[in-house]
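**Q**
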Amino acid sequence: MICVECAADVVDVYKEFSTGNARLTRCGSCKKAADKYVEFETMLIILDLILHKIQVYRHILFNVFPNMDEGLTRIVLKMIPGIIFFDTYLRWHRIHSLSILKYSLILPYNAYISLFWASTFELIAFVGGVIIAARILTTGSLNYLHLIVSVIISSFGKLFIVLMMIWDCNAHYGPIINIFVLSSNITALRVSLGTTSIKATAIVASAFIIRLLVQLALRAYDPFIVFSIL
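Below is the structure:
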């Protein structure tokens with residue numbers, strides 16, 4: 003476990019003296035509460051995730067993730083198909099917005115399958131790109147599972163696409179969501195790898211380029227894949 007304020011190692015983040023009587027542990031380095039998020043409601047944690055606070059990522063990646071129970075593990079695993087589904091919807095929405103120019107309003111069934119697999123392969127390419135770039139740009143051993151979880155959790159912004167589904171928003175909101183997700187990825191990798199913002203940005207940028215190359219390859223194979231940088 004670590005202090006969410008200064009990243010110093012701590013033995014525990016709270017001490018329980020009796021049932022219902024617990025006290026947050028003070029960090030020996032910065033003298034602040036080692037992990038204030040222990041007492042936070044879920045919505046406050048989500049708000050700090052949206053605000054890209056490195057403290058909340060330290061809480062999740064170093065104090066919660068190593069001690070995940072089955073419930074938390076299922077949540078992380080469920081996020082993967084969720085990210086793929088919403089990314090697939092975003093692709094369909096983009097094609098639908100172009101339908102008056104080039105495409106039929108109703109896509110054939112195989113087109114939806116193509117969009118789904120494109121989203122899947124691009125997610126794999128992005129995660130793989132993060133791992134490759136991290137190996138090149140950072141020193142020391144890497145915890146690959148920790149990296150993957152960092153990318154998945156910090157991609158929670160993809161879930162905002164559900165708002166587009168509810169309110170039938172313009173397709174131009176898609177790139178805004180993707181930019182938000184990429185910036186969240188940078189923050190998470192900065193914490194996970196204990197590196198600088200510049201290196202974390204370089205890692206995400208490298209993975210993003212690899213994803214674009216995969217998208218170009220898929221576009222050459224299937225005409226229903228609309229190339230889009232964001």
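The numbering of the sequence shown is my numbering, which starts it at 3 and goes up by one. Beta carbons are placed, not taken as given, at the ideal position from N, Cα and C, and that holds for glycine.
1) Return yes when the Cβ of ALA120 is within less than 7 angstroms of the Cβ of LEU49, no when it is not.
2) Across which residues does DSSP place ASN23 in a beta bridge pair?
3) Which residue comes first and which comes last in the alpha helix (DSSP H) that contains ASP50?
4) Ignoring anything shorter than 4 residues, give me the alpha helix (DSSP H) runs that lie fully in the segment 61 to 149, in order along the chain.
5) Is it buried or exposed for LYS160, if we count other Cβ within 10 angstroms and need 16 for buried?
6) Taking Cβ positions, are HIS61 and ASP37 nearer each other than 7 angstroms?
7) Thinking just about the alpha-carbon of each residue, which of SER143, THR90, GLY130 is nearest to the one in VAL228?
8) Grab the span of the alpha helix (DSSP H) containing PHE210 for me, first residue to last.
9) Taking ILE163 as the reference, which of GLY176, VAL153, SER156 has the closest Cα?
10) Return the CA-CA distance between VAL132 and ASN23, expressed in angstroms with no decimal places.
11) Taking C-beta to C-beta, are VAL40 and LEU51 nearer than 7 angstroms?
12) DSSP three-state label for ALA35, please.
13) Which residues in the same chain have their Cβ closer than 6 angstroms to the Cβ of TYR105, if we skip the five residues on either side of it in sequence?
14) Between which residues of its own chain and ASP224 is the CB-CB distance below 6 angstroms, once the five residues before and five after are set aside?
15) Tell me whether LEU147 is buried or exposed, calling it buried when 16 or more other Cβ atoms sit within 10 Å of its Cβ.
16) Is it true that the CB of SER194 sits closer than 7 angstroms to the CB of LEU46?
17) Since THR140 and LYS201 should fall inside the 8 angstroms C-beta cutoff, what is the C-beta to C-beta distance between them, to a whole number of angstroms?
18) For ALA127, is the classification buried or exposed, using 16 other Cβ atoms within 10 angstroms of its Cβ as the cut-off for buried?
19) Quick check on DSSP: helix, strand or coil for ILE181?
20) Considering only residues of the same chain and omitting the five flanking positions on each side of GLU7, which have a CB-CB separation below 7 angstroms?
21) To which residues does DSSP link ASP11 through a beta bridge?
22) Give me the Cα-Cα distance between LEU103 and ARG93, rounded to the nearest whole angstrom.
**A** Well, looking at it:
1) Translated into the one-based positions of the sequence shown, residue 49 becomes position 47. Translated into the one-based positions of the sequence shown, residue 120 becomes position 118. No, the pair does not count as a contact, with Cβ atoms beyond the cut-off.
2) For this step, residue 23 is matched to residue 21 along the sequence shown. Beta-bridge annotation (DSSP): ASN23 is paired with SER20.
3) Here residue 50 corresponds to residue number 48 of the sequence shown, with the count starting at 1. Counting along the chain, the alpha helix (DSSP H) containing ASP50 begins and ends at 44 to 52.
4) List check, alpha helix (DSSP H) in window: 72 to 99, 111 to 139.
5) The count along the sequence shown starts at 1 and reaches residue 160 at position 158. Flag for LYS160 reads buried.
6) On the sequence shown, residue 61 is found 59 positions in, with the first residue counted as 1. On the sequence shown, residue 37 is found 35 positions in, with the first residue counted as 1. One thing to note: HIS61 has its Cβ within 7 angstroms of the Cβ of ASP37.
7) Against the sequence shown, residue 228 aligns to sequence position 226. For VAL228, the nearest C-alpha among the options comes from THR90.
8) Sequence index remark: in the sequence shown, residue 210 carries index 208 (1-based). Where PHE210 is concerned, the enclosing alpha helix (DSSP H) starts and stops at 199 to 223.
9) By one-based count along the sequence shown, residue 163 stands at place 161. Here the closest residue by C-alpha is GLY176.
10) Taking the first residue of the sequence shown as 1, we reach residue 132 at position 130. Taking the first residue of the sequence shown as 1, we reach residue 23 at position 21. The straight-line gap from Cα to Cα measures roughly 42 angstroms.
11) On the sequence shown, residue 40 is found 38 positions in, with the first residue counted as 1. On the sequence shown, residue 51 is found 49 positions in, with the first residue counted as 1. No, the Cβ-Cβ distance between VAL40 and LEU51 is not below 7 angstroms.
12) In the sequence shown, counting from the first residue as 1, residue 35 sits at position 33. Collapsing the DSSP output to three states places ALA35 in a strand.
13) As a working note, residue 105 is residue 103 in the sequence shown. Reliability fails at TYR105, whose pLDDT of 49 lies under 50, so the model's placement of it is uncertain and the value that follows must be treated cautiously. Correct list, in chain order: ILE97.
14) The residue you call residue 224 lines up with position 222 of the sequence shown. Around ASP224: SER116.
15) Translated into positions along the sequence shown, residue 147 becomes position 145. By the neighbour-count rule (16 or more Cβ atoms within 10 Å), LEU147 is not buried but exposed.
16) Here residue 46 refers to the residue found at position 44 when the sequence shown is read from its first residue. Here residue 194 refers to the residue found at position 192 when the sequence shown is read from its first residue. Their beta carbons are not under 7 angstroms apart, which means LEU46 does not touch SER194 by this criterion.
17) Here residue 140 is taken as the residue at index 138 of the sequence shown, counted from 1. Here residue 201 is taken as the residue at index 199 of the sequence shown, counted from 1. So it is a contact: roughly 7 angstroms between Cβ atoms.
18) As a working mapping, residue 127 is identified with position 125 in the sequence shown. So ALA127 counts as buried.
19) To locate residue 181, count along the sequence shown from 1; it is residue 179. The answer is helix: DSSP assigns ILE181 an H, G or I state.
20) Here residue 7 is taken as the residue at index 5 of the sequence shown, counted from 1. These residues qualify, in order along the chain: CYS29, CYS32, LYS34, GLN57.
21) For the purposes of this step, residue 11 is taken as the residue at position 9 of the sequence shown. According to DSSP, ASP11 bridges with ILE4.
22) Start at 1 with the first residue of the sequence shown, and residue 103 comes out as number 101. Start at 1 with the first residue of the sequence shown, and residue 93 comes out as number 91. Because LEU103 carries a pLDDT of 45, less than 50, the predicted location of this residue cannot be relied on, and no value is offered for it.
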